[in-house]
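Trainee: Have a look at this one before I ask anything.
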Amino acid sequence: MLKLEEYADVTVGQIMTRVTENSEAEQNIVKVLNPKAINAGCIDEDAITEANVVKKIDNSKFTRVGDIVVKLSTPYEGVLIDSKHEGLLVSSFCAIIRLNGNRGISKDFLCAVLNSDYAREQIQKKVAGTNNPMVKITDLRSILLPNVSEEDMKLLGEEYRLSCRKRFLLNKLEEGERALMNARLMNCLHKENTNDGEI
């Protein structure tokens with residue numbers, strides 16, 4: 015078994031307070047990928063935020079196609095960056111995993127492993143007993159990856175990508191249903207309260 019750091023460079027995202035300002039003086043708005051936007055192995059467009067950047071930021075802190083961005087707090091989910099989500103500024107509550115090309119591994123498969131109980135159990139052992147359940151970059155780098163054939167990597171990676179899309183759409187459907195039902199209920203209660211107040 016090899017450690018993640020032997021396949022990829024693992025770095026932390028940008029500490030936002032160091033480069034942003036609420037002032038209206040200079041507007042250089044960038045889109046920010048934060049933990050809330052990572053959901054079921056996909057990026058939730060509605061949760062991407064914006065920030066006014068007033069200082070130069072290292073290009074390595076912006077997403078590139080093929081990067082895997084992982085939340086550093088529970089549930090330690092990760093997402094594989096596609097061309098649609100290139101150029102997002104990654105916040106310091108996430109890690110950027112960028113394959114170094116020295117060893118062959120499927121990016122979809124690697125993302126699947128990082129989102130699995132297999133990797134989460136390793137992470138939880140490292141943060142057990144600490145007051146802050148945030149995983150350290152050094153702990154991420156030391157995650158052991160399983161030995162799997164290239165054929166299995168490809169098949170599992172493709173299955174994982176489809177599974178993520180289905181789970182994301184189901185989550186969105188559930189959120190929509192909950193919001194719709196809540197709106198109908200609140201509308202009904204509002205009518206009842208209005209009627210009770212009539213003379």
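Numbers given in my numbering equal positions in the sequence shown, counted from 1, plus 14.
C-beta: ideal position from N, C-alpha, C; glycine also.
If we count the other Cβ atoms within 10 Å of its Cβ and call it buried at 16 or more, is Pro-160 buried or exposed?
Mentor: Within the sequence shown, residue 160 is the residue found at index 146, counting from 1. It is exposed - the Cβ of Pro-160 has fewer than 16 other Cβ atoms within 10 Å.
Trainee: Quick check: the region 142-152 against the region 39-50, are at least 3 beta-carbon pairs closer than 8 Å?
Mentor: no
Trainee: Whole angstroms are fine: how far does the CA of Lys-205 sit from the CA of Leu-102?
Mentor: Numbered from 1 along the sequence shown, position 88 holds the residue referred to as residue 102. Numbered from 1 along the sequence shown, position 191 holds the residue referred to as residue 205. If you take the alpha carbons of Leu-102 and Lys-205, they lie about 45 Å apart.
Trainee: For Asp-96, which of helix, strand or coil comes out of DSSP?
Mentor: Locating residue 96 in the sequence shown gives position 82, where the first residue counts as 1. Asp-96: coil per DSSP, three-state reduction.
Trainee: Roughly how many angstroms separate the alpha carbons of Val-149 and Ile-111, rounded to a whole number?
Mentor: As a working note, residue 149 is residue 135 in the sequence shown. As a working note, residue 111 is residue 97 in the sequence shown. Within the model, the alpha-carbon separation for Val-149 versus Ile-111 is close to 14 Å.
Trainee: Please state whether DSSP places Lys-11 in a helix, a strand or coil.
Mentor: The structure shown does not extend to residue 11, since the chain is modelled only from 15 to 213, so the question has no answer here.
Trainee: Please go through the same chain and pick out, in chain order, the residues whose beta-carbon is closer than 8 Å to the beta-carbon of Asn-73, but skip the five residues on each side of it.
Mentor: Position 59 of the sequence shown holds residue 73. Counting only Cβ-Cβ distances below 8 Å, and skipping sequence neighbours, we find nothing.
Trainee: Can you check DSSP and say which residues form a bridge with Ala-126?
Mentor: For this step, residue 126 is matched to residue 112 along the sequence shown. Bridge partners of Ala-126: none, in fact.
Trainee: Terminal residues of the continuous beta strand (DSSP E) containing Asp-65?
Mentor: If you number the sequence shown from 1, residue 65 lands on position 51. Per the sequence shown, residue 65 should be read as Ala rather than Asp. Where Ala-65 is concerned, the enclosing beta strand (DSSP E) stretches over 63-66.
Trainee: Measure the C-alpha to C-alpha separation of Val-104 and Asn-207 and round it to an integer number of angstroms.
Mentor: Numbered from its first residue, the sequence shown carries residue 104 at position 90. Numbered from its first residue, the sequence shown carries residue 207 at position 193. Cα-Cα distance, rounded: 47 Å.
Trainee: Could you tell me the alpha carbon to alpha carbon distance between Leu-16 and Glu-35, rounded to whole angstroms?
Mentor: Within the sequence shown, the letter at position 2 stands for residue 16. Within the sequence shown, the letter at position 21 stands for residue 35. Spanning the two alpha carbons is a distance of roughly 42 Å.
Trainee: Can you check whether the C-beta of Met-148 is within less than 8 Å of a C-beta belonging to chain C?
Mentor: Looking for chain C here will not work: only one protein chain is present.
Trainee: Use the C-beta contact count for Cys-178: other C-beta atoms within 10 angstroms, 16 or more gives buried, fewer gives exposed.
Mentor: Numbered from its first residue, the sequence shown carries residue 178 at position 164. Buried.
Trainee: Can you find the residues in the same chain that come closer than 7 Å, C-beta to C-beta, to Asp-131, ignoring five residues on each side of it along the sequence?
Mentor: On the sequence shown, residue 131 is found 117 positions in, with the first residue counted as 1. So no residue of the chain qualifies.
Trainee: Does the distance from the C-beta atom of Leu-113 to that of Ala-22 stay below 8 Å?
Mentor: Mapped onto the sequence shown, residue 113 falls at position 99. Mapped onto the sequence shown, residue 22 falls at position 8. Contact annotation: Leu-113 and Ala-22 have beta-carbon atoms nearer than 8 Å.
Trainee: Between which two residues does the beta strand (DSSP E) containing Leu-47 stretch?
Mentor: The residue you call residue 47 lines up with position 33 of the sequence shown. Start and end: 43-47.
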